[in-house]
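Chains as they are written, first to last, in my numbering: chain A, 11 to 355; chain B, 11 to 355; chain C, 11 to 355; chain D, 11 to 355.
Glycine is no exception: its CB is placed at the ideal position from the N, C-alpha and C atoms.
Data block below; observations after.
There are 4 protein chains.
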Amino acid sequence: MPMSFTAAVAGCTGYAGGEALRLLLDHPEIEIGALTAGSSAGSRLGDSHPNLWPLADRTVAETTPQNLAGHDVIFLALPHGASGELAEQLPPDALVIDCGADHRLTDASRWERFYHSPYAGAWPYGLPELPGQREKLTGAHRIAAPGCWVATVTLALAPALVHGLVDGHDVTAVGGSGTSGAGRAATQHLLGSETAGGMSAYGVGGVHRHIPEMLQNFEALGARQPSISFTPMLAPMPRGILAVVTAPVDASVSAGQIREAYLDSYRGEPFVHVLPEGVWPASKSVLGSNAVSVNATLDPQAGRLVAVCTLDNLTKGTAGSAIQSMNLALGLPETTGLPLIGVAP
Amino acid sequence: MPMSFTAAVAGCTGYAGGEALRLLLDHPEIEIGALTAGSSAGSRLGDSHPNLWPLADRTVAETTPQNLAGHDVIFLALPHGASGELAEQLPPDALVIDCGADHRLTDASRWERFYHSPYAGAWPYGLPELPGQREKLTGAHRIAAPGCWVATVTLALAPALVHGLVDGHDVTAVGGSGTSGAGRAATQHLLGSETAGGMSAYGVGGVHRHIPEMLQNFEALGARQPSISFTPMLAPMPRGILAVVTAPVDASVSAGQIREAYLDSYRGEPFVHVLPEGVWPASKSVLGSNAVSVNATLDPQAGRLVAVCTLDNLTKGTAGSAIQSMNLALGLPETTGLPLIGVAP
Amino acid sequence: MPMSFTAAVAGCTGYAGGEALRLLLDHPEIEIGALTAGSSAGSRLGDSHPNLWPLADRTVAETTPQNLAGHDVIFLALPHGASGELAEQLPPDALVIDCGADHRLTDASRWERFYHSPYAGAWPYGLPELPGQREKLTGAHRIAAPGCWVATVTLALAPALVHGLVDGHDVTAVGGSGTSGAGRAATQHLLGSETAGGMSAYGVGGVHRHIPEMLQNFEALGARQPSISFTPMLAPMPRGILAVVTAPVDASVSAGQIREAYLDSYRGEPFVHVLPEGVWPASKSVLGSNAVSVNATLDPQAGRLVAVCTLDNLTKGTAGSAIQSMNLALGLPETTGLPLIGVAP
Amino acid sequence: MPMSFTAAVAGCTGYAGGEALRLLLDHPEIEIGALTAGSSAGSRLGDSHPNLWPLADRTVAETTPQNLAGHDVIFLALPHGASGELAEQLPPDALVIDCGADHRLTDASRWERFYHSPYAGAWPYGLPELPGQREKLTGAHRIAAPGCWVATVTLALAPALVHGLVDGHDVTAVGGSGTSGAGRAATQHLLGSETAGGMSAYGVGGVHRHIPEMLQNFEALGARQPSISFTPMLAPMPRGILAVVTAPVDASVSAGQIREAYLDSYRGEPFVHVLPEGVWPASKSVLGSNAVSVNATLDPQAGRLVAVCTLDNLTKGTAGSAIQSMNLALGLPETTGLPLIGVAP
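Here's what the structure looks like:
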């Protein structure tokens, strides 16, 4: 039976590109077409991704508009700032999904302050769990997949914002991310000898590039004057993000109200699971899958709601959300081809 | 040359007891005496701690007042709630150092609310870096070593509290701890198959037992009405704690003031190192040592001070602080026998 | 569309049982029926396997013949020695697949020497890659899934034995296994604090229980007087086995002959991949999948063939081979429902 | 009190150089002098080794003979092939210790076959545990520290060779090494995302550069025609080597004879510990220390002696053996300044 759609992946030798291919290989409606990259054009794909053995002997082509054109879907898994110009040269009727940051922010000034490069404009945002977002993605031809940290923090707090339990002001978010979130460029501080057996903090003091995207999402969820103190930590594991998000609540808010809000917001969501009371997310339960585990409660002494959320940074945090959004754009069932069950232990 | 003092370790087969022995073996003024335990009495110490080979063939005795008496120093590395009764039967002129929680809290009601067992009273607190604490430890005969999470969070925020940049209200603390912080009891959720490759949150919602000890320290540092939202995460590593602590600051507070406060507070401290501007702690730099790495800055957008602190939960977080305090109590130079340099990579 | 077959899993709260369920949840022809266990009967399955969220609220039943009867397929994921007696009470026309060792050995004396318990007889062996084995599994009602170490070592050496390049004498095998291979019983030496960051050897000196199963496989592959020195190591990872197997070769054997043998033996195998020349297996390429990576060459100085093989101990090493064999027994396409692509990085 | 000797470290920003500095900082007779490097000359040492905080603000000088001259001891921690030429320009009366391979092999043809660069000649070999080696190191001015894999395999087999239980023929050695053994150059396959959670084999088929050094040691221990099949694996841990070494024995050799040989050979050795019968080495017991754990037994079915040995690749495997040899050369007690106790858990 012929597949219904063809897909190309630009940046196929990196982690996000490889994850897109891993998922697309199991997608029943997608035939994998061009695989392109920058400096590793000409190499054998198996050298970069030995796990993707059905594609191992494919030769990586160069990332050019010509090589990407002629596909129904084009995934861009490029460094931040690299997809804006390329995207302009791609066919308007192709579905282009940017896994990088270039087309996420609706506010040009926020982009310029954090990225120091020309603003490329905003595309429909590929996080279908946001209220009203599925409608915007259905039939879209351009989609900006969310950042992994942003998806985690947003899904942690969304029910509380939507239900008016918090107002998006004075949020704090701290968590640990697997090293694949830092990409595949060979740098000394990401060597296994450096990352194994320890943790470190980075992007401290409000300088992390994903903060404006978090604030934008909080606004989309109803916040007026959102503010967030966000500090990521690098954790000794290849995949997975676990974030702890807190926000002040009025004295009138109860633990029961918080629980109801989360159950209500995520009822029927195919990928988001609210855990039982008193059970807290573990990143291994969602590893390699598009699933999200979340829970929240009240800390009465501190006067804060505390939410914990976990997802796989490469799957639901990047390529999985991209394909989930692709399914919506192409009119396929939203869960098509996406793993539901994490690989544990 | 004969050693000056003898030391016994109760609970020698656990992680805290083993770490105390690791450090005492290198201490030039301590001769190791009785090694005692509960259910593993009668075993060979090498079965529990193969790294402690000079003691490998020693037989573990039973933890009784009789076996512990007759030593100059007695370390209690017992489960929370187990040392109160034992301690009462130990000689008053011996130096008894409790590595558990039983003698840390000065407020009986806080103890009872979190520990559900009889209150045993408070002993001088073994964190010499707190202002005025060295005086209290010098010549002491009873010392309560700090909890590992508490030591990390307290050292992260102390300079800001002392310098009046924060008031201890609405503090948030989130971090990752190595699995040895959870002790050595064989439980399924601490199996390597469960902990490797992922993170999880626990004690969420203000229920962690170490919160009252944090609040007590904040008060000792000048806070009037402290409050804290504290959420620990279990990280896939055997040792080390890294905590991110935030607290609201007035708009008048500058990043420069914060830096000055930290440099000022920790100037001359033998074990605490304030990192250069823009460099953030990594837990591996202090592994196996009594060192602490800390840094702090302002997040102007969030209106919060952000401090990051790391230490080895078994060394500076438990047995190292215990021995540092012992040195003060015995009149020895404070750094005697304590490793200054972390084992990295 | 109704599923074609129902399956029960005995021992569902352990790692092998959980892995079987993870795979069965994605199997298009299997409806999951009874979930049973011993001491954890009565618990919620989500407490044991939070990743298996579609089954999270199922209550675990007790492992009894009555609870298991009435299913088309019954998986036994029990401790060694526990399935023999139970199996006798299961319906003869059900397909019973034993993931434990009880029904693997055809020689009663080998069983008794290594297992010290009554011999339960041998069932068709669930490693379809062995020559002639698919025929024996087709239509079978009893299947003994292979041991994970045995599958790895056997697949490493099989082509060389089949092609007569080695004779099964003086084989050596050493490798590293993830901790899940040691099961889920809570024991101190398997705590994450013990296993993280280090390796250890175990079962040294020819005492490992899986040695007779290796020798039996070598014999099935043509060896007359096989002998093996096998030493496993525990590696700091939750899943995966990587084994290095050597065997003496005649001076006339060339590296080219070895390569040809491996390419020939595994040509057309859906799950076994012979890597390109000079590329050596990495366990992460097959993680969570039923795939096997293998390669071999000549060490002319040592006069030995050296083969390296990797697979996921829980998937292809246990539950994956069980389901692959089940597919054959039920007349389904062999690869039905089995993941082909490893989750990497 | 002034230190007795000054030491310079060339290649101070790599792992071997950093480990030498970690140990020298605790050495009571050494004052640390020049710190030099190649491409990272001019940087702050704390940027490379944040754990070495007493040296954090030292500026790294360029590696030149001028900068290294004028010290009593000069450590060369350079890439293989880089120290030969430099060493010729260093003062003959300084003690020069090469942590690289350049001066280990006594046979020029072996060097040239494996290293493809000019032969620099052999220096006294820095493994004091070899019979007669302490005499050669006492008063030496040039020392070649052993390779980490070679030290492990040699110490595993030495007692059996010395006692004539094996003859060095048909040895096999397989083991796992921490990633720091592969150095600190930033390469993609050593990223934490690649190395965490899995193992891989490398240098398969007799091509590993350390094989000639192993054979040379076997010859020094009495072997006539040694041969070895050696296969290293990369393990997901920063430090530590664990090797399993086997060799054929005559039918007359008993397990008791093997045990006696190991106890006899290592009696009185300050750093090498023969474990009790049936207890096998774990790499974590020696982490960060100069200790070696070893044990051996007979596999009667396979007709082979099986020895397991572990050490820390950076300490006893490189910088620790270098300093142990330095102590001998300078006339200091052999254990001066070297950690005896591993950091565990």
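Contiguous beta strand (DSSP E) assignments of at least 3 residues, all confined to the region 234 to 276 of chain D: 238 to 244 and 251 to 258
Cβ of Ser399(C) within 8 Å of Cβ of Asn323(A)? Outside the shown range of chain C, which is 11 to 355, sits residue 399(C), and nothing can be said about it.
Hey, out of Ser293(D), Val160(D) and Val318(D), whose CA is closest to Gly136(D)'s CA? For the purposes of this step, residue 136(D) is identified with residue 126 of the fourth sequence, where counting begins at 1. The shortest C-alpha separation from Gly136(D) is found at Val160(D).
So with Cβ pairs under 8 Å, would you call Ser237(A) a contact of chain B? Within the first sequence, residue 237(A) is the residue found at index 227, counting from 1. So yes, Ser237(A) belongs to the interface.
Beta carbon proximity, Ser293(B) to chain D, threshold 8 Å: To locate residue 293(B), count along the second sequence from 1; it is residue 283. No - not a single Cβ of chain D is within 8 Å of the one on Ser293(B).
Same chain, Cβ closer than 8 Å to His113(D), five either side skipped, listed in chain order: Here residue 113(D) corresponds to residue number 103 of the fourth sequence, with the count starting at 1. For His113(D), where only same-chain residues beyond five positions count, the Cβ hits under 8 Å are Ser93, Gly94, Ala97, Ala130, Gly131, Ala132, Trp133, Arg152 and Ala154.
When you compare only the Cα positions, how much space is there between Leu100(B) and Val282(D)? Position 90 of the second sequence, counted from the start, is the residue given in the question as residue 100(B). Position 272 of the fourth sequence, counted from the start, is the residue given in the question as residue 282(D). Approximately 39 Å, taken between the alpha carbons.
With a threshold of 8 Å, are at least 3 pairs of Cβ atoms found where one atom belongs to the region 340 to 350 of chain C and the other to the region 36 to 54 of chain C? yes
Quick one: what's got a C-beta closer than 8 Å to Gly228(A)'s C-beta in the same chain, skipping five residues either side? Taking the first residue of the first sequence as 1, we reach residue 228(A) at position 218. It is worth fixing the name first, because residue 228(A) is Phe in this sequence and not Gly. Here the set comprises Thr164, Leu167, Leu171, Gly178, Val181, Pro236 and Ile238.
Test item: CB-CB of Gly250(C) and Ser303(C) under 8 Å: As a working note, residue 250(C) is residue 240 in the third sequence. As a working note, residue 303(C) is residue 293 in the third sequence. No, the pair does not count as a contact, with Cβ atoms beyond the cut-off.
Status (buried if at least 16 other CB within 10 Å, exposed otherwise) for Arg194(D): Against the fourth sequence, residue 194(D) aligns to sequence position 184. Classification for Arg194(D): buried.
Name, please, each residue of chain B whose Cβ falls closer than 7 Å to the Cβ of Tyr212(C). Within the third sequence, residue 212(C) is the residue found at index 202, counting from 1. Correct list: empty, because the minimum Cβ distance to chain B is about 14 Å.
Only counting the same chain, and skipping five residues up and downstream in sequence, which positions put a Cβ closer than 7 Å to that of Ala47(D)? Position 37 of the fourth sequence, counted from the start, is the residue given in the question as residue 47(D). If we look at Ala47(D) and ignore the five residues flanking it on each side, its Cβ neighbours are Gly21, Cys22, Thr23, Val70 and Thr73.
Can you check DSSP and say which residues form a bridge with Ala161(D)? Numbered from its first residue, the fourth sequence carries residue 161(D) at position 151. Answer is none; Ala161(D) lacks a bridge partner.
Could you tell me the boundaries of the beta strand (DSSP E) in which Ser303(D) lies? On the fourth sequence, residue 303(D) is found 293 positions in, with the first residue counted as 1. Boundaries of the beta strand (DSSP E) around Ser303(D): Val302 to Asp309.
Given Gly56(B), which residues of its chain have a CB within under 6 Å of its CB, disregarding the five upstream and five downstream residues? Here residue 56(B) refers to the residue found at position 46 of the second sequence. Answer for Gly56(B): Ala66, listed in chain order.
Determine the closest residue to Arg123(A) out of Val217(A), Val254(A) and His199(A), with distance taken between C-alpha atoms. Position 113 of the first sequence holds residue 123(A). Of Val217(A), Val254(A) and His199(A), the residue nearest in Cα terms is Val217(A).
With 8 Å as the limit, tell me which residues of the region 287 to 311 of chain B have their beta carbon closer than that to any beta carbon of chain D; keep them in chain order. From the region 287 to 311 of chain B, only Val289, Ala292, Lys294, Ser295, Val296, Leu297, Gly298, Ser299, Ala301 and Ser303 have a Cβ closer than 8 Å to chain D.
Skipping 5 residues on each side, what residues in its chain have a beta carbon closer than 7 Å to that of Glu367(C)? It is not possible to answer for residue 367(C), since the shown part of chain C is limited to 11 through 355.
Taking Phe228(B) as part of the beta strand (DSSP E), name the residues at either end of that continuous run. Here the question's residue 228(B) lines up with position 218 in the second sequence. First-last for Phe228(B): Ile221 to Ala230, but that is the alpha helix (DSSP H), not the beta strand (DSSP E).
Euclidean distance between Cα positions of Pro343(C) and Asn337(C): Sequence index remark: in the third sequence, residue 343(C) carries index 333 (1-based). Sequence index remark: in the third sequence, residue 337(C) carries index 327 (1-based). Each residue's CA atom was taken as its position, placing Pro343(C) and Asn337(C) some 6 Å apart.
Compute the Euclidean distance between the alpha carbons of Ser119(B) and Tyr125(B), then round it to the nearest angstrom. Position 109 of the second sequence holds residue 119(B). Position 115 of the second sequence holds residue 125(B). Their Cα atoms are separated by approximately 10 Å.
Examine chain D for any beta-carbon lying closer than 8 Å to the beta-carbon of Leu33(A), and answer yes or no. Numbered from its first residue, the first sequence carries residue 33(A) at position 23. So, not an interface residue.
Distance, Cα to Cα, Leu26(A) vs Ala44(A)? What you label residue 26(A) is simply residue 16 of the first sequence in a count that begins at 1. What you label residue 44(A) is simply residue 34 of the first sequence in a count that begins at 1. Per the sequence shown, residue 26(A) should be read as Ala rather than Leu. If I take the Cα positions, the gap works out to 16 Å.
Short Cβ contact (8 Å threshold) for Ala257(A) with Gly186(A): As a first step, residue 257(A) is located in the first sequence; it is residue number 247 there, counting from the start. As a first step, residue 186(A) is located in the first sequence; it is residue number 176 there, counting from the start. Contact: no.
Rank Asn77(D), Gly327(D), Ile42(D) and Ala18(D) by C-alpha distance to the C-alpha of Gly191(D) and give the top, closest one. On the fourth sequence, residue 191(D) is found 181 positions in, with the first residue counted as 1. The residue with the shortest Cα to Cα distance from Gly191(D) is Gly327(D).
Look at the Cβ atom of Ser275(B), then the Cβ atom of Ile351(B), and state whether they are nearer than 8 Å. Sequence index remark: in the second sequence, residue 275(B) carries index 265 (1-based). Sequence index remark: in the second sequence, residue 351(B) carries index 341 (1-based). Contact flag unset, no.
For chain C, check one thing: does any of its Cβ atoms lie closer than 8 Å to the Cβ of Gly186(B)? By one-based count along the second sequence, residue 186(B) stands at place 176. False, the Cβ-Cβ gap to chain C never drops below 8 Å.
Would you kindly work out how many angstroms separate the C-alpha atoms of Leu33(A) and Cys109(A), rounded to a whole number? Position 23 of the first sequence holds residue 33(A). Position 99 of the first sequence holds residue 109(A). Going by C-alpha positions, Leu33(A) is about 14 Å away from Cys109(A).
Less than 8 Å between C-beta atoms, sequence neighbours within five positions excluded: which residues of the same chain meet that for Gly207(D)? Taking the fourth sequence and counting its residues from 1, the one referred to as residue 207(D) is at position 197. Within the same chain, Gly207(D) has close Cβ partners Pro246.
Counting contacts by CB-CB distance shorter than 8 Å, is Thr73(D) in contact with chain C? Sequence index remark: in the fourth sequence, residue 73(D) carries index 63 (1-based). Chain C, which has no Cβ nearer than 8 Å to the Cβ of Thr73(D), makes this no.
My assumption, with CB atoms under 8 Å, is that Pro291(D) sits in contact with Ser210(C). Please give the rounded CB distance. Within the fourth sequence, residue 291(D) is the residue found at index 281, counting from 1. Within the third sequence, residue 210(C) is the residue found at index 200, counting from 1. So it is a contact: roughly 7 Å between Cβ atoms.
In chain B, which residues lie with their C-beta within 7 Å of the C-beta of His283(D)? One-based indexing of the fourth sequence puts residue 283(D) at position 273. Result: Trp63.
Beta carbons nearer than 7 Å to chain D: which residues of the region 186 to 203 of chain A have them? So the close ones are Thr189, Ser190, Arg194, Ala196, Thr197, Gln198, Leu200, Leu201, Gly202 and Ser203.
May I ask which residues mark the beginning and end of the alpha helix (DSSP H) holding Ser335(D)? Working through the fourth sequence from its first residue, we reach residue 335(D) at position 325. It spans Gly330 to Leu340 - the alpha helix (DSSP H) in which Ser335(D) sits, taken as one unbroken run.
When the cut-off is 8 Å and only beta carbons count, does Tyr135(B) lie next to chain D? Mapped onto the second sequence, residue 135(B) falls at position 125. It does not; no Cβ of chain D falls within 8 Å.
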